[in-house]
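Just so we're aligned: the sequence shown equals residues 6 to 78 in this note's numbering.
By construction, the Cβ of each residue, glycine as well, lies at the ideal position given by its N, Cα and C atoms.
Keep in mind the model is a prediction, meaning the values are calculated, not measured.
Here's the structure, in structure tokens; my notes come after.
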Amino acid sequence: MNGDSVSSAHGSVKSLNWPAMTTGFQVKDKKLLDKLTVGKTVDFKFTKADAGYEEVFQQYGPKARRSVGAGVS
């Protein structure tokens, strides 16, 4: 991870018509990055934003289901 965005590998999101993919998202609250490391699993939700959708992290650790990737800018 690096900068103010994070990439996340996730399964399909049927409600958004998205296939499974790795997607980069901007992180508004930089404090969230303090607890993230590459490969750590997280849960998140999508919220509607002006430029599309934002990913909001909800949970870190063993019960989470998605991986944080290294391709961050």
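{"Asked": "Write down the C-beta distance between Ser10 and Gln31 rounded to the nearest angstrom, noting that I regard them as a contact closer than 8 angstroms.", "Found": "5 angstroms"}
{"Asked": "Ends of the beta strand (DSSP E) at Val32?", "Found": "Counting along the chain, Val32 falls outside any beta strand (DSSP E), and DSSP gives it neither H nor E."}
{"Asked": "Measure the alpha-carbon distance for Ala56 versus Leu21 and round it to whole angstroms.", "Found": "14 angstroms"}
{"Asked": "At the level of alpha carbons, what is the spacing between Thr46 and Lys53?", "Found": "23 angstroms"}
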